[in-house]
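Numbering (the working numbering), first residue to last: 12 to 273.
All C-beta atoms in this analysis are idealised placements derived from N, C-alpha and C, irrespective of residue type, glycine included.
Computed from a predicted structure; not experimentally measured.
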Amino acid sequence: MSKIIAFWSPWHGRGNTSNCIASAMQFSMLNDKESVITHTQYTRSSMEYAFLTGKENDDILKFSDFGLDSLERALATGRLEPKDFNDYCNNIVNKKLEFLPGSKKTNYNLFKESIGQTILDIIDFSKLSKEYTFIDVGTSLKDKVAERVLEKADIIFITLDQSKIVLKDFFEEQITAKVLQNKEVILLIGRYDLDSKYLIKDIKKEFKYDGEIIGIPFITEYSEALNSHGVKKFFEKYYALEDEPFFESLNYINDIILNYDE
12 MSKIIAFWSP WHGRGNTSNC IASAMQFSML NDKESVITHT QYTRSSMEYA FLTGKENDDI
72 LKFSDFGLDS LERALATGRL EPKDFNDYCN NIVNKKLEFL PGSKKTNYNL FKESIGQTIL
132 DIIDFSKLSK EYTFIDVGTS LKDKVAERVL EKADIIFITL DQSKIVLKDF FEEQITAKVL
192 QNKEVILLIG RYDLDSKYLI KDIKKEFKYD GEIIGIPFIT EYSEALNSHG VKKFFEKYYA
252 LEDEPFFESL NYINDIILNY DE
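Right, here's the structure in full:
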C-alpha cells in the first residue's frame, strides 16, 4: 500500500524543508522503494535549489513540462497513466527517488484555486505511481492546500525547535487541531542542539508529552549541500556514516516509515 509522508511545521524557518529532504534522501539511499518528493509552497522553495542545478531554467520550454502545474494539466485530460508520472519529475536517485517541482504560478489566489482544488487528485495519482510520497507542506492550517494534504497523510512529521515560544504555541494551541487527530504524528526538533539545557527529555517533561520526539542535529556539510545543489552528492558520500547523530536520527525516521502499519 502506497504511503503519504507529510512534513509540516506551524512556524516558518524551523528546518521543515531540510528535514523533509534529508528524510527522503536517506530513505532512498537505504531502500529499494520507488518514491517521490514534492512541496506545496506557493513561492519557489529551497527544495528546488537543493535538487535542481539551475540549468533547467535555461530551457523554458523544457522546464515548463515539469512539476505540479504540468501534472495538473495532464491529469485534467483524463488520459494520464501511472507509468507517465516520471515524465513530470526530475530524477534524483536512480529508480528510487523523483523530485516533482512545485507550482510556478505567480498569483497566490490562482495558486490556491488551482492546486487547492486538485492537490488530492495529484496525491491519488502519486499513490498509484509510487510506493512513498514525501510532501513538504505549507505552515498555516488555515491554508486549504495544507489541510487537505495533512488529512490525506498516513504519517505526519511536525518540525519544531528548542525555542520555548514555538513549543508552547504548538503544545497549547496547534496540537489539538482536528486534522492532527487520529494520525500517526511524530515530532521533529530541527537543528537540534545536543549541548542545550533544553533537551527532548526536558520538553517531554515540561509539556507532559509521551509521544515520539526526534532531534535532527544541525551539521554544516548538509547545510552547505542544500545551498549549493549538492544534496545528492552529500548523501552518496555520507549516508552510511556510523556514530553520527544526524544520520542516526534519519535512520530512525526511516525505520518508522518502513514499519508503519495502517
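Counting along the chain, no alpha helix (DSSP H) covers L210, and no H or E run does either. A direct Cα-Cα distance of roughly 46 angstroms separates R84 from D254. Between the alpha carbons of G113 and D204 lies a distance of about 31 angstroms. Contact between the segment 15-24 and the segment 247-261 is absent: fewer than three C-beta pairs spanning the two stretches fall below 8 angstroms. The segment 188-208 makes no contact with the segment 41-51: fewer than 3 CB pairs, one atom from each, lie closer than 8 angstroms. The DSSP-derived three-state label of R202 is strand. Partner residues in the beta bridge of N101, as assigned by DSSP, are F110. Take the alpha-carbon of N102 and the one of E109: they are about 4 angstroms apart.
Judged by their CB atoms, I227 and L199 are nearer to each other than the 9 angstroms cut-off. The straight-line gap separating the alpha-carbon atoms of P256 and H240 is approximately 23 angstroms. Per DSSP, F257 is one residue of the alpha helix (DSSP H) stretching across P256 to N270. Each of T170, S13, L111 and F38 was checked against the Cα of Y60, and the nearest Cα belongs to L111.
Distances from the CA of E259 to each of A236, I230 and T170 were compared; the closest alpha carbon is that of I230. If you ignore the 5 residues before and after Y209, its C-beta comes within less than 8 angstroms of the C-beta of Q173 and K175, all in its own chain and listed in chain order. For D80, the closest of I186, S13, I133 and A236 by C-alpha to C-alpha distance is I133. The bridge partners DSSP lists for W19 are I169.
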